[in-house]
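Engineer: What follows is a structure written as structure tokens; I'll ask about it next.
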Amino acid sequence: MSLTETQSAPQERAGPDWDLIRRRAKSILVHGVVLTLVAIMLLPLVYMVMMSFKTSTEIAQDPLGLPNSLYWGNYMAALSSMGYVRSVINSLGITLSVIVVVVFAGAMAAYPLARMQNRISRVIVMVMALGLATPNFVTITPIYVIFRDLGLLDSYLGIVLAFAALKLPLAVFFYTSFIAAIPMELEEAARLDNCNNWQVFWHVIRPLLAPVTATLSLFVMIMVWNDFIYPLLLLTDKDKLTVMIAVYKFVGNTGIDPTKLFPAAVLGSLPLLLMFAVFQRKIMAGATAGAVK
Amino acid sequence: MRARRSLYLFTIPALLVIGLFFIHPIILTFEMSLTNYKGIGEAKDVGWRNYERIFTRDRYLTEIWLTLWYTVIVVSALTVSGLFFAAMLHRLPLIRNFSRAALYTPAMMSFVVIGYVWQFLYSPLNGGINVALRDLGLGAWEQNWLGDPSIALYSVAFTQIWMFTGFTCAIFLAGFAGIPEEINEAGRLEGASSWQRFRYLELPLLGPSITVSVMLTTIGTLKTFELPFILTKGGPDGATRLLSIDIIDNLFGQYKFGFASALSVVMLVIVLAVAFVQNKVLRDREHTS
Numbered sequence: 001m002s003l004t005e006t007q008s009a010p011q012e013r014a015g016p017d018w019d020l021i022r023r024r025a026k027s028i029l030v031h032g033v034v035l036t037l038v039a040i041m042l043l044p045l046v047y048m049v050m051m052s053f054k055t056s057t058e059i060a061q062d063p064l065g066l067p068n069s070l071y072w073g074n075y076m077a078a079l080s081s082m083g084y085v086r087s088v089i090n091s092l093g094i095t096l097s098v099i100v101v102v103v104f105a106g107a108m109a110a111y112p113l114a115r116m117q118n119r120i121s122r123v124i125v126m127v128m129a130l131g132l133a134t135p136n137f138v139t140i141t142p143i144y145v146i147f148r149d150l151g152l153l154d155s156y157l158g159i160v161l162a163f164a165a166l167k168l169p170l171a172v173f174f175y176t177s178f179i180a181a182i183p184m185e186l187e188e189a190a191r192l193d194n195c196n197n198w199q200v201f202w203h204v205i206r207p208l209l210a211p212v213t214a215t216l217s218l219f220v221m222i223m224v225w226n227d228f229i230y231p232l233l234l235l236t237d238k239d240k241l242t243v244m245i246a247v248y249k250f251v252g253n254t255g256i257d258p259t260k261l262f263p264a265a266v267l268g269s270l271p272l273l274l275m276f277a278v279f280q281r282k283i284m285a286g287a288t289a290g291a292v293k
Numbered sequence: 001m002r003a004r005r006s007l008y009l010f011t012i013p014a015l016l017v018i019g020l021f022f023i024h025p026i027i028l029t030f031e032m033s034l035t036n037y038k039g040i041g042e043a044k045d046v047g048w049r050n051y052e053r054i055f056t057r058d059r060y061l062t063e064i065w066l067t068l069w070y071t072v073i074v075v076s077a078l079t080v081s082g083l084f085f086a087a088m089l090h091r092l093p094l095i096r097n098f099s100r101a102a103l104y105t106p107a108m109m110s111f112v113v114i115g116y117v118w119q120f121l122y123s124p125l126n127g128g129i130n131v132a133l134r135d136l137g138l139g140a141w142e143q144n145w146l147g148d149p150s151i152a153l154y155s156v157a158f159t160q161i162w163m164f165t166g167f168t169c170a171i172f173l174a175g176f177a178g179i180p181e182e183i184n185e186a187g188r189l190e191g192a193s194s195w196q197r198f199r200y201l202e203l204p205l206l207g208p209s210i211t212v213s214v215m216l217t218t219i220g221t222l223k224t225f226e227l228p229f230i231l232t233k234g235g236p237d238g239a240t241r242l243l244s245i246d247i248i249d250n251l252f253g254q255y256k257f258g259f260a261s262a263l264s265v266v267m268l269v270i271v272l273a274v275a276f277v278q279n280k281v282l283r284d285r286e287h288t289s
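Taken in order, these protein sequences are the chains called F and G.
The letter at position 144 of the first sequence is residue 144 when you use the UniProt record's numbering, and the numbering goes up by one with no holes.
The letter at position 84 of the second sequence is residue 84 when you use the UniProt record's numbering, and the numbering goes up by one with no holes.
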């Protein structure tokens, strides 16, 4: 709050500065109102956490009240029967592999697109834009058929490549605008030293992409971690399920039993929420990257 | 010059992956949409019959209409709610970053988790919303939120709006940050109220952010599948049966791969057409204003 505009006139001594007091009160009121609205928006998540600690009798008697004590039994039951640890490992493995493919192939593809504008690059950019707009359930039928015929159903390789194809357009757009802002002089200096294209990319461009790579990786991580339809249809082996499918199957099979639903919801979101708490700034930068340009 | 052209070799890994698992599937979708393929066995060519069926049956036209209507509701509400929070938070730097992150939290959670939690909130018996209404003495407002065909679509839409308000708010806050402080300063000296400054100074300058936000939310909302799938499975009585729900139902409920593919092609054409028209209209508006 900047209070620099308020004139303090010591010689007047005309009692309290009503104008200042009024403005302060108004400011506190506005802050209070907005914070209350934000808190209301968070209520469903608070409710989710609260419910996860209640016993079934507590839920039946007082559905909105605070839990009497932190009852961990729900979590124990969920952990032992939803294959949580296994599914977290699967999700992490798939997510990280997708990030590796998307970051490398995306940065490489973006380099020529950022440096050359002609018919070829325009066509490639159009393909990417098509990729951004296409709903993933539009391509799921043929992917299912292709995977079945290639024996890629239930394979990590298959789902990683399918996800990579889905997220690459975003990566290419991310990197293209970023590389376009890198001064040509840096490259030209390297070329004078007889660097070839690959050496320029690897030694000049790639190191400069670190900050945008971090943002992009977090963003891809959120999307792949949360995705539902691809792993639901492409992975059926119980040992290969991702976290979200584990949540879906665990909750779906028990007919929305709150003592199962809420701990599963918390467990499914926990890794991402922790990540968000740590990398909040970078994730927000990714969310608004398109708006700032 | 030859060295430069060979730069295109760099696009090969990406194009290979996209070609195999994105372009190729889209072509296959179109091919399958002209057949009666059932997932196994021979696919018989049926010409444009699948498409004829889609465009002559009320049922599918209703689904297309529902999908568009749902998108209109969600996108307009998201624009207003995002603008509201952004305009407030822009004026309150003390709580801006914290609130922005808090509002964004639902947007980075999974549709599955959000869907289940809201299914319970909406549930008619012990669900959070009805119980809260009862406790507040508003028992008369209790509803069967997802079970009543006249409100189910709006209940689903509300969940999506709640989820993504933080997303549009973040985009608009980035837009606000790009407005030079002098403009507001000048407005303040002229004695413009907070609302007047928003309406006549900030809002016109937010044009580009509004374009981006509307386009991103429109494409995202047209694609909506998970929320109605988890919340209502398209019911009650088809009230939330969006095009996406029908595609998946035809696919993995009835194994009508050919017909589902035709629906997918229709969906893709709608998304591309809307994105194209919107891009054109919004960009033009930006340039003339």
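Ideal Cβ placement from N, Cα and C applies to all residues, glycine included.
Quantities reported herein were computed from a predicted structural model and do not represent experimental measurements.
1. Taking Cβ to Cβ, would you say G:E63 is nearer than 8 angstroms to G:D249?
2. In this structure, how does DSSP classify G:D45 when only helix, strand and coil are distinguished?
3. With a threshold of 7 angstroms, establish whether the CB of G:G166 neighbours any heavy atom of the ligand NAP.
4. What residues in its chain sit with their C-beta under 7 angstroms from that of F:I159, if we drop five residues either side in the sequence?
5. Nearest-angstrom Cα distance between F:Y156 and G:R199?
6. Can you tell me whether G:M88 is buried or exposed, with buried defined as 16 or more other CB within 10 angstroms of its CB?
7. Under 9 angstroms between beta-carbons, which chain F residues line up against G:N126? List them in chain order, please.
8. Which chain G residues sit within Cβ distance under 7 angstroms of F:A265?
9. Mind checking G:D237: buried by the 16 CB within 10 Å criterion, or exposed?
10. Whole angstroms are fine: how far does the CA of G:P93 sit from the CA of F:M1?
11. F:S269: buried (16+ other C-beta within 10 angstroms of its C-beta) or exposed?
12. On a Cα-Cα basis, can you pick out the residue from F:V49, F:R24, F:T55 and F:L37 that is closest to G:V113?
13. Mind the definition here: the region 122-138 of chain F touches the region 15-24 of chain G only if three or more C-beta pairs lie below 8 angstroms; say whether that holds.
14. Between the beta-carbon of F:R23 and the beta-carbon of F:A107, is there less than 8 angstroms?
15. Are G:S76 and G:G258 touching if we call contact CB-CB under 8 angstroms?
16. Whose C-alpha, out of G:W195, G:L78, G:V212 and G:R188, is nearest the C-alpha of G:F158?
17. So is F:Q117 in contact with chain G if we call contact Cβ pairs under 8 angstroms?
18. Taking 8 angstroms as the CB-CB cut-off, is G:W65 touching chain F?
19. Quick check: the Cα distance between F:K293 and F:A109, rounded to an integer number of angstroms?
20. Going by C-alpha distance, which of G:V156, G:D284, G:R283 and G:R96 is nearest G:I230?
21. Pairs of beta-carbons, one from the region 171-191 of chain G and one from the region 200-218 of chain G, closer than 8 angstroms: are there three or more?
22. Taking Cβ to Cβ, would you say G:T67 is nearer than 8 angstroms to G:L222?
23. Just checking: is the beta-carbon of G:F164 within a distance shorter than 8 angstroms of some beta-carbon in chain F?
24. Which residues mark the beginning and the end of the alpha helix (DSSP H) in which F:H31 is found?
25. Under 8 angstroms, do G:V142 and G:N126 count as touching if we go by C-beta distance?
26. Nearest by alpha-carbon distance to F:F173: which of F:L152, F:V212 and F:I146 is it?
27. Just tell me which of F:M82, F:L153 and F:M51 has its CA closest to the CA of F:V243.
28. State yes or no: is the beta carbon of F:K54 nearer than 8 angstroms to at least one beta carbon in chain G?
29. Skipping 5 residues on each side, what residues in its chain have a beta carbon closer than 8 angstroms to that of G:Y104?
30. Given a cut-off of 8 angstroms on the beta-carbon distance, is the pair F:S87 and F:A246 in contact?
31. G:T218 and G:P228: beta carbons closer than 8 angstroms?
32. In the DSSP assignment, find the unbroken alpha helix (DSSP H) run with F:Y84 in it and report its ends.
33. Pick from G:E286, G:Y255, G:D284 and G:N279: whose alpha carbon is nearest that of G:N36?
34. CB-CB under 8 angstroms to F:D62, same chain, minus the five flanking residues each way: which ones, in chain order?
35. Let me know if F:A39 comes out buried or exposed under the rule of 16 or more other beta-carbons within 10 Å of its beta-carbon.
36. Based on the DSSP secondary-structure assignment, which residues constitute the bridge partners of residue 365 of chain G?
Structural biologist: Looking at the coordinates:
1. No, they are not a contact pair.
2. Under the three-state reduction of DSSP output, G:D45 falls in the strand class.
3. Annotation note on the ligand NAP: not contained in the displayed structure, which lists no ligands.
4. Cβ within range, chain order: I94, Y230, P231, L234 and L235.
5. Cα-Cα distance, rounded: 52 angstroms.
6. With 16 or more other Cβ atoms within 10 Å, it is buried.
7. Residues of chain F passing the Cβ test: I59, A60, P63 and P258.
8. Listed by position along chain G, the residues whose Cβ is nearer than 7 angstroms to that of F:A265 are V113, Y116 and V117.
9. Around the Cβ of G:D237, a 10 Å sphere holds fewer than 16 other Cβ atoms; the residue is exposed.
10. Residue placement at F:M1 is poorly supported in this model, since its pLDDT is 44, which falls under 50; the coordinates are not used for a value here.
11. The residue in question, F:S269, is buried, as its Cβ has 16 or more Cβ neighbours within 10 Å.
12. F:V49 is the residue among F:V49, F:R24, F:T55 and F:L37 whose C-alpha sits nearest the C-alpha of G:V113.
13. Contact holds: three or more Cβ-Cβ distances are below 8 angstroms.
14. For F:R23 and F:A107, no; Cβs fall outside 8 angstroms.
15. Cβ atoms of G:S76 and G:G258: not closer than 8 angstroms.
16. Ranking G:W195, G:L78, G:V212 and G:R188 by Cα distance to G:F158 puts G:L78 first.
17. Among the CB atoms of chain G, none fall inside 8 angstroms of the CB of F:Q117.
18. So, not an interface residue.
19. For F:K293, the predicted model reports a pLDDT of 43, less than 50, meaning its position is unreliable; a value from the coordinates is still stated below. Distance between the alpha carbons of F:K293 and F:A109 is about 19 angstroms.
20. Comparing Cα-Cα distances from G:I230 to each of G:V156, G:D284, G:R283 and G:R96, the minimum goes to G:V156.
21. The answer is yes - the region 200-218 of chain G touches the region 171-191 of chain G, with three or more Cβ pairs under 8 angstroms.
22. Less than 8 angstroms divides the Cβ of G:T67 from the Cβ of G:L222.
23. Not an interface residue.
24. Segment W18 to S52, the alpha helix (DSSP H) holding F:H31.
25. One point to set straight first is that residue 142 of chain G is Glu, not Val, in the sequence displayed. Not a contact, by the Cβ cut-off of 8 angstroms.
26. Out of F:L152, F:V212 and F:I146, the CA that lies nearest to the CA of F:F173 is found in F:V212.
27. For F:V243, the closest of F:M82, F:L153 and F:M51 by C-alpha to C-alpha distance is F:M82.
28. Cβ-Cβ to chain G under 8 angstroms: no for F:K54.
29. Counting only Cβ-Cβ distances below 8 angstroms, and skipping sequence neighbours, we find G166, F167, C169 and A170.
30. A contact, by the Cβ cut-off of 8 angstroms.
31. Going by C-beta atoms, G:T218 is not nearer than 8 angstroms to G:P228.
32. Boundaries of the alpha helix (DSSP H) harbouring F:Y84: Y84 to R115, taken from the DSSP string.
33. Cα-wise, what sits closest to G:N36 is G:Y255.
34. Cβ neighbours of F:D62 beyond the five flanking positions: none.
35. Under a 10 Å Cβ-count criterion, F:A39 is classified as exposed, with fewer than 16 other Cβ atoms of the shown protein chains found around its own Cβ.
36. Residue 365 of chain G lies beyond the range of chain G shown here (1 to 289); nothing can be said about it.
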